[in-house]
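S.K.: The working numbering numbers the first residue of the sequence shown as 11 and each following residue consecutively. Just so it is clear, CB atoms sit at the ideal spot from N, CA and C, and this is done for glycine as well.
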Amino acid sequence: MNLTWLAGGIFLITYALIVTERVHRTVAALLGGFAMVLLGVVHQEDAFHAIDWNVIFLLAGMMAIANILR
11 MNLTWLAGGI
21 FLITYALIVT
31 ERVHRTVAAL
41 LGGFAMVLLG
51 VVHQEDAFHA
61 IDWNVIFLLA
71 GMMAIANILR
């Protein structure tokens with residue numbers, strides 16, 4: 011099977027899960043990402059390098075500050 015069709019199918023299934031709200035959108039996005047890696051559409055190293063750690067740490071810091079200010 012062509013990886014483009016596989017990626018498109020995973021995307022559509024993930025999007026359908028988000029639109030129908032069968033599962034929380036975060037869970038749907040994670041499942042779609044895991045499916046891409048497990049089925050070989052995206053290599054694990056490429057997925058890891060695509061993470062913007064600056065944004066992750068910024069969000070974590072903002073959540074900590076917001077929690078302190080409560």
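Taking a contact to mean a Cβ-Cβ separation below 8 Å, would you say F21 touches G43 in this structure?
M.R.: Here residue 21 refers to the residue found at position 11 of the sequence shown. Here residue 43 refers to the residue found at position 33 of the sequence shown. Not a contact, by the Cβ cut-off of 8 Å.
S.K.: What are the boundary residues of the alpha helix (DSSP H) that N77 is part of?
M.R.: Locating residue 77 in the sequence shown gives position 67, counting from the first residue. 63-79 is the extent of the alpha helix (DSSP H) around N77.
S.K.: Within the same chain, show all residues whose beta-carbon is closer than 6 Å to that of Y25, passing over the 5 residues directly before and after it, in chain order.
M.R.: Start at 1 with the first residue of the sequence shown, and residue 25 comes out as number 15. There are no such residues.
S.K.: Measuring only the C-alpha atoms, how far is G50 from R80?
M.R.: Looking up residue 50 in the sequence shown gives position 40. Looking up residue 80 in the sequence shown gives position 70. G50 and R80: Cα-Cα distance of roughly 44 Å.
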